[in-house]
Each structure stands twice: as structure tokens, then as C-alpha cells.
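Trainee:
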Amino acid sequence: MKKETIKKHALQLLFLVIGLVAGRLFFVSSPAPPAVTPDAVLARAWTCSMHPNVRQDAPGTCPLCGMDLVPVESESESADDHPVATRLSPSALALADVRVTRVSDGIPVKELSLHGVIRRDERLARAQVAHVKGRVEKLLVHSPGERVRRGDPVARLTSPDLLNARQELIEAAREGTDPAILEAAREKLRLWKLSDAQIRETEQSGVASPDVEMLADVEGIITARRVNEGDYVAPGSLLFEVADLSRVWAVFNAYEEDLPYLHVGATVEYALPALPGKRFSGKIALVEPGVDENTRVVAARVETPNPDGELAPGMYARATVRATARGATARQVIIPASAVLWTGRRSLVYTRPDDNDPTRFIPRDVELGPSLGDAYVVLSGLRVGEQIVARGAFAIDASAQLEGKRSMMNDAPDDDAREETLPVQGLCEMCRERVEEIALGMTGVRAASWDSQTRSLALRLAPRSATLDAIAAALAAAGHDAGRFKADDEVYNALPACCKYRDEP
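In C-alpha cells:
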């Protein structure tokens with residue numbers, strides 16, 4: 000019994016040894032992962048792909064939407080000498096097709112595309128009326144659209160008054176009475192618009208008739224008939240409405256932003272699809288003072304001679320006008336419209352301050368003037384000669400948003416932005432460029448202009464996101480004494496010789 004127990008334990012020990020040896024041969028354990036140090040975690044920044052303004056120094060979830068945070072380039076990896084500068088790699092610039100141009104100036108000229116219709120000149124509207132009391136026996140002009148000329152018969156009337164007047168004329172002519180009486184009888188018929196030929200016929204025939212053909216004393220196109228055969232009319236009764244189309248109006252619609260470029264007396268050339276190959280011109284006679292509340296357009300009236308009657312009311316017209324703004328005589332800063340990122344409250348462009356570093360871009364708020372169609376007038380924020388991104392600015396702005404930097408969608412201006420002045424030391428044009436660039440790159444700075452004579456920096460600030468001390472500290476760090484902050488001697492001494500503003504001992 001004892002031998003069997005020993006044998007059993009020996010077998011168990013043998014199997015244990017075999018198992019350990021096999022485990023060592025066939026199963027090799029993986030090395031333990033290295034410990035994650037705090038420095039390794041802090042070496043990266045984490046953001047939300049939906050809310051890039053969220054920035055944390057450790058992985059986790061977004062406090063706004065709950066999505067997992069993603070790593071972005073750390074500040075140390077993207078360090079730049081400007082706090083809001085954004086860099087894109089050459090391959091990213093090529094992929095975004097970024098194009099850079101220099102800011103230029105010129106007289107603002109806008110090309111306007113206007114659409115309108117031909118209308119009759121309301122000042123040339125005429126009325127054909129009856130001059131004698133009677134009944135309309137027959138109309139000799141029947142429908143709108145017919146053309147009448149002065150002296151054409153338009154209706155045949157029967158008038159008892161006319162019968163009496165003709166009888167008086169015949170008797171005066173037959174009896175050979177005082178010539179003054181005879182002339183008075185003739186004049187009575189002339190006042191009823193009878194022609195000299197009709198009066199002479201009455202005298203020669205010696206027959207008094209109540210019938211008379213009424214002759215047109217206006218000419219043009221019949222636009223409306225106001226009488227029927229058999230109607231009784233009195234002197235002054237309206238028979239026909241007549242439009243004189245020897246001159247017409249081309250009425251064009253313009254949007255509100257085009258108003259500075261439309262003024263009375265300007266010449267407009269236009270074409271009509273109904274008359275291909277022909278061009279017409281006229282001068283603006285009136286720009287209506289009110290804006291249509293439904294269409295938001297303003298009507299501009301162009302007077303055009305129409306001696307041949309080619310232009311008919313209702314014809315469609317198209318005009319292209321190149322015009323300068325009213326009173327624009329000085330040259331102004333002009334930039335391409337594609338360079339502007341517009342949010343409704345802010346207008347932003349991206350500048351490239353250094354020719355030697357084509358990958359670095361800085362956002363700049365600008366104040367826009369009138370639109371020129373494919374360009375804008377810039378009232379403040381840019382100078383002639385600066386380089387701006389003319390195409391691809393949106394891709395640069397998207398990169399800035401992912402890095403949590405100032406961009407189109409953040410750093411909106413406050414409604415109560417204020418004007419401030421900060422004393423800043425400097426000496427030359429290079430100082431001015433450096434000071435203004437640093438100031439404009441600060442959060443909440445809307446405009447900055449440094450005066451070398453007074454050595455003062457005029458600022459437009461959003462008060463809840465910018466302070467003078469913060470701006471002064473940034474300027475002092477670049478070598479310019481500003482406000483109560485003084486630049487370190489080491490930084491100041493590194494400035495170019497032309498920028499040394501301190502008096503040497």
C-alpha cells in the first residue's frame with residue numbers, strides 16, 4: 000500500500016514537471032507595456048471633432064456632446080511666434096489650391112446686370128375728347144393698338160348746336176355784313192375744332208348740316224376706347240386714350256446695394272431679345288426714392304428716343320452697366336470677393352505676412368465697403384501691398400478651428416466695441432508693421448493703427464475679450480515698450496538698428 004502511494008505521487012510530480020517545461024517551450028509571455036507617464040499625456044492636446052473649441056490635456060469625452068476626444072498636434076509641436084497663426088503643410092496647401100494675391104487700390108467700379116421692361120412715357124399720354132355736344136353716329140377708330148395722326152377722322156357726330164352755328168355762318172356770308180361778324184361766326188366753329196377746310200366747305204355750299212367728322216388733335220397709339228356708337232357726348236367727354244411712343248421709358252430693377260452706382264444723368268446701354276443685334280441707349284431720368292417691400296428692388300427709369308416706334312411697351316430689356324460709386328473720386332483698397340469669409344457680423348481674411356514662409360497665415364478682421372460684384376472695397380483692416388489668401392481661405396480657417404485658434408466661427412465681435420489708445424514706442428515703418436500685426440493678432444482686436452509721430456496705437460476692441468494690458472504685454476515681448484510694460488533689454492537689443500527708439504546713454 001505504501002509503495003503504491005509513493006508511485007502515485009511520483010507520477011503526479013512527473014506530470015507537473017512536464018507541464019511546466021511544455022509551457023516554457025510553447026507559450027512565451029508578452030513583455031509588460033511601458034508605464035504611461037504624465038509627461039507623455041501632457042505632450043498632446045485633445046479636442047472634439049464636432050466642437051473644436053473644446054481643448055483638454057488628457058483623453059476623455061466631450062463635455063458638450065459626449066463624443067470621444069481625438070488627439071491634435073500639441074502646442075510645442077506647432078509653436079509659432081504669433082498666437083493666432085495657422086500653418087498648413089505644402090501638400091495641404093496644394094490640396095486646398097490656396098492662392099495668394101497682393102492687396103491693390105483703385106477707383107471702385109462695379110458691373111451691374113439689370114433687367115427691365117419697356118414702358119410708355121406717362122408724360123406723353125394724351126386724351127382725345129369731344130369738342131361739341133352731340134351724338135356719336137359712327138366711330139372711325141375702333142380698337143386699342145390703332146395708330147392715329149393729327150387731322151385723321153376718328154368719329155362722326157350729329158350736333159344741333161353745330162347746325163345752328165353753321166346756319167349763322169351761311170347767313171353772315173350771304174348778306175355780306177360786317178367782316179367782323181363773319182369772322183366771329185368762323186371763329187365759333189374753330190373753337191369746336193372744325194378745320195378751315197370744313198368751314199370753307201360750309202360757306203361755299205350754303206348748306207347747314209348737323210353732321211361733322213371729328214378730327215384727331217393728338218397722335219399716337221390708341222390705348223383705350225371710352226365711347227360707343229350712339230352715345231351722347233358733351234364738350235370735354237373722353238373718347239379715346241392715346242399714347243405718344245416717340246419716346247419711351249426702359250424701367251430697370253436694381254437691388255439696394257446697387258443704389259450707390261445709379262445716379263440721374265448716367266448713360267445706360269441695353270439690348271432687347273425682340274430686336275437681336277440692336278443696342279439702345281438713354282440717360283437715367285429718375286431713381287425711385289423708395290424700395291419695394293416685397294421684391295426689395297428699386298426702379299431706375301431710362302429715357303430713350305423711339306422715332307421709328309421699334310420699342311413697344313412690355314418688351315423685355317437687359318442692360319450691363321459699369322459705373323463708379325456716387326462721389327467716388329479717390330482710390331480705395333480693393334480685394335477679391337473670394338478672399339472674404341463673411342459670417343453676417345464679421346468679415347475675415349487671411350494674410351501671409353512673410354514671403355519666405357509660405358505656410359504661415361494670420362487672420363485679420365476687416366471692415367467692408369460696397370460690393371463690386373467679384374470684389375469688395377475695404378474701409379479698414381488692410382493696406383495696399385499686403386498679401387492675402389484669394390482662394391482657399393476656408394480650408395485654412397477649418398484648420399485653425401481644429402487647432403482651437405481664432406477663426407471665422409469664434410471670436411465674434413461684441414456689440415459694445417470701444418475705441419482705445421495705447422502708447423507704444425517705435426521708430427520706423429518696420430516698427431509700424433510689427434506693432435499692427437501683433438495687435439491685430441490678439442483676441443478681440445478689430446482694428447489697429449500705429450502713428451509714428453505720436454507713437455500711439457489706435458485700437459478698436461471688443462471689451463469682453465480684449466484688454467489693453469494683454470496687448471501691451473504682447474508688444475513688450477516683441478521689443479516695444481507699451482503702456483506700463485517695458486521690453487526686456489535682450490529683446491530690445493535684438494531689434495534691427497532702424498527700430499532702436501531708446502536714447503543711447
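Residue numbering for the sequence shown follows numbering that gives the first Met the number 0, beginning at 0 and increasing consecutively.
Note that the Cβ used here is the ideal one computed from N, Cα and C, for glycine as well.
#1: Taking buried to mean at least 16 other C-beta atoms within 10 Å of its own C-beta, is T391 buried or exposed?
#2: Tell me, which residues are paired with G115 by DSSP?
#3: With the cut-off set at 8 Å, would you say H479 and V423 are in Cβ contact?
#4: Could you say which of Y315, R433, T294 lies nearest to A476 if we only look at CA atoms?
#5: Assign V40 to buried or exposed, taking buried as 16 or more other Cβ atoms, counted over all protein chains shown, within 10 Å of its Cβ.
#6: Where does I106 land, buried or exposed, given buried means 16+ other C-beta within 10 angstroms?
#7: Kindly list the residues whose CB is nearer than 8 Å to the CB of P178, restricted to its own chain and excluding five residues on each side of it in sequence; keep chain order.
#8: Where does L439 fall in DSSP's three states?
#9: Is the region 112 to 131 touching the region 199 to 208, taking contact as three or more C-beta pairs under 8 Å?
#10: Label I470 either buried or exposed according to how many other C-beta atoms from any shown protein chain fall within 10 Å of its C-beta, with 16 as the threshold for buried.
#11: Using three-state DSSP, classify L347 as helix, strand or coil.
#12: For Q331, report the span of its beta strand (DSSP E) as first-last.
#13: For the alpha helix (DSSP H) containing E385, list its first residue and its last residue.
#14: How is R405 classed by DSSP in three states: helix, strand or coil?
#15: Buried or exposed: which applies to N305, given that a residue is buried once 16 or more other Cβ atoms fall within 10 Å of its Cβ?
#16: Give me, in chain order, the residues of the same chain whose beta-carbon lies closer than 6 Å to that of G150; leave out the 5 immediate sequence neighbours on both sides.
#17: To which residues of the same chain is Q166 closer than 6 Å at the C-beta, ignoring the five residues directly before and after it?
#18: So is Q127 buried or exposed if we call it buried at 16+ other beta carbons inside 10 Å?
#19: Let me confirm a value: L92 is counted as buried when at least 16 other C-beta atoms fall within 10 Å, else exposed. Which label applies?
#20: For V263, does the count of other Cβ atoms within 10 angstroms reach 16, so buried, or fall short, so exposed?
#21: Between V102 and the rest of its own chain, which residues show a CB-CB distance below 7 Å, the 5 nearest in sequence each way excluded?
#22: Provide the residue span of the beta strand (DSSP E) that contains A306, from first to last.
#23: Just mark P362 as buried or exposed, buried being the case when its beta carbon has 16 or more other beta carbons within 10 Å.
#24: Return the Cβ separation of W45 and P70 in integer angstroms, given the expectation that the two are a contact with Cβ distance under 8 Å.
#25: Given a threshold of 16 other Cβ atoms within 10 Å of its Cβ, counted over all protein chains shown, does M49 qualify as buried or as exposed?
#26: Using 8 Å for Cβ pairs, my map puts R134 next to G281. What's the rounded Cβ distance?
Mentor: Working from what's here:
#1: Counted from its first residue, the sequence shown places residue 391 at position 392. According to the sequence displayed, residue 391 carries Gly and not Thr. Under this definition G391 is a buried residue.
#2: On the sequence shown, residue 115 is found 116 positions in, with the first residue counted as 1. For G115, which the question treats as bridged, DSSP gives the partners F251, A316.
#3: Within the sequence shown, numbered from 1, the residue matching residue 479 stands at position 480. Within the sequence shown, numbered from 1, the residue matching residue 423 stands at position 424. Contact flag set, yes.
#4: Along the sequence shown, one-based indexing puts residue 476 at 477. It is R433 whose Cα lies nearest to the Cα of A476.
#5: As a first step, residue 40 is located in the sequence shown; it is residue number 41 there, counting from the start. The predicted model places V40 with a pLDDT of 39, which falls under 50 and marks its position as unreliable; any figure quoted below should be read in that light. It counts as exposed.
#6: For the purposes of this step, residue 106 is taken as residue 107 along the sequence shown, with counting starting at 1. When all chains shown are included, I106 counts as exposed.
#7: Translated into positions along the sequence shown, residue 178 becomes position 179. Non-local beta-carbon contacts of P178 in its own chain, meaning distances under 8 Å to residues more than five positions away in sequence, are absent.
#8: As a first step, residue 439 is located in the sequence shown; it is residue number 440 there, counting from the start. L439 carries a helical assignment under DSSP once its states are collapsed to helix, strand and coil.
#9: Three or more beta-carbon pairs separated by less than 8 Å are not found between the region 112 to 131 and the region 199 to 208, which leaves the two stretches without contact.
#10: Reading the sequence shown from its first residue, position 471 is the one you call residue 470. Per the 10 Å Cβ criterion, buried.
#11: Reading the sequence shown from its first residue, position 348 is the one you call residue 347. Strand.
#12: Residue mapping note: residue 331 aligns to position 332 of the sequence shown, counting from 1. Where Q331 is concerned, the enclosing beta strand (DSSP E) stretches over 331 to 335.
#13: Residue 385 sits at position 386 when you count from the first residue of the sequence shown. Per DSSP, E385 lies in no alpha helix (DSSP H) and is assigned neither H nor E.
#14: Counting from 1 along the sequence shown, the entry for residue 405 is found at position 406. The three-state reading of DSSP puts R405 in coil, since its state is none of H, G, I, E or B.
#15: Along the sequence shown, read from residue 1 onward, the residue named residue 305 stands at position 306. Under this definition N305 is a buried residue.
#16: Locating residue 150 in the sequence shown gives position 151, where the first residue counts as 1. The beta carbon of G150 is closer than 6 Å to those of L214 in its chain, skipping five residues each way along the sequence.
#17: The count along the sequence shown starts at 1 and reaches residue 166 at position 167. Contacts found: A207.
#18: In the sequence shown, the residue the question calls residue 127 occupies position 128. Classification of Q127: buried, given that the 10 Å Cβ count is 16 or more.
#19: Here residue 92 corresponds to residue number 93 of the sequence shown, with the count starting at 1. Result: buried.
#20: Stepping through the sequence shown from its first residue, residue 263 is reached at position 264. Looking at its Cβ environment, which holds fewer than 16 other Cβ atoms inside 10 Å, V263 is exposed.
#21: Taking the first residue of the sequence shown as 1, we reach residue 102 at position 103. Around V102, the same chain offers V332, I334, L381, R382, V383, G384, E385, I387 as residues with beta carbons nearer than 7 Å, after the five sequence neighbours per side are excluded.
#22: What you label residue 306 is simply residue 307 of the sequence shown in a count that begins at 1. Reading the sequence as shown, one finds Pro at residue 306 and not Ala. First-last for P306: undefined, no H or E at that position.
#23: Here residue 362 refers to the residue found at position 363 when the sequence shown is read from its first residue. Buried is the call here.
#24: Walking along the sequence shown from the start, residue 45 turns up at place 46. Walking along the sequence shown from the start, residue 70 turns up at place 71. The Cβ separation is near 6 Å, so the contact holds.
#25: As a first step, residue 49 must be located in the sequence shown, where it is residue number 50. Flag for M49 reads exposed.
#26: Counting from one through the sequence shown, the residue named residue 134 turns up at place 135. Counting from one through the sequence shown, the residue named residue 281 turns up at place 282. Taking a contact as a CB-CB distance under 8 Å, the pair R134 and G281 does not count as one, their CB atoms being some 45 Å apart.
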